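Everything below concerns the one structure shown next.
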Amino acid sequence: MSEEILEKVCSIVSEQLSVEAGEVKSDSNFQNDLGADSLDTVELVMALEEAFDIEIPDEAAEGIATVGDAVKFIEEKKG
């Protein structure tokens, strides 16, 4: 897992969900651990798309439940 991508994702998640950066770990679940609701999740996906200049299809977004899932998806998209 790329440390640079992980740090950027954690920063975005912290900002979008208004949680302390220290609470955001690679295994943090957006809904169960960080309190995201469905709207938060949509906004988070949009923020990640913009930050990393990628597109996350709805089908893929449904499979991204943790910070680590997001990092893995971004790494695959960025090659």
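Read left to right, the sequence shown gives residues 1 to 79 (UniProt numbering). For glycine and all other residues, C-beta sits at the position ideal for the given N, C-alpha and C. These numbers come from a predicted model, not from an experiment.
Which residues bound the alpha helix (DSSP H) around residue i?
| i | result |
| --- | --- |
| K8 | 3-17 |
| I54 | Here I54 belongs to no alpha helix (DSSP H), and DSSP marks it neither H nor E. |
| D69 | 67-78 |
Which residues in the same chain as residue i place their Cβ atom closer than 7 Å to its Cβ, once the five residues preceding and following it in sequence are excluded?
| i | result |
| --- | --- |
| A70 | V9, L48, I64 |
Residue i and residue j look like a contact to me (Cβ under 8 Å); what is the Cβ gap, rounded to whole Å?
| i | j | result |
| --- | --- | --- |
| Q16 | E43 | 6 Å |
| E23 | L34 | 7 Å |
Considering only residues of the same chain and omitting the five flanking positions on each side of residue i, which have a CB-CB separation below 8 Å?
| i | result |
| --- | --- |
| I74 | I5, V9, L48, F52, I54 |
Below 6 Å CB to CB, which residues in the same chain sit around residue i once its five sequence neighbours on both sides are set aside?
| i | result |
| --- | --- |
| I56 | V45, E49 |
| A61 | V45 |
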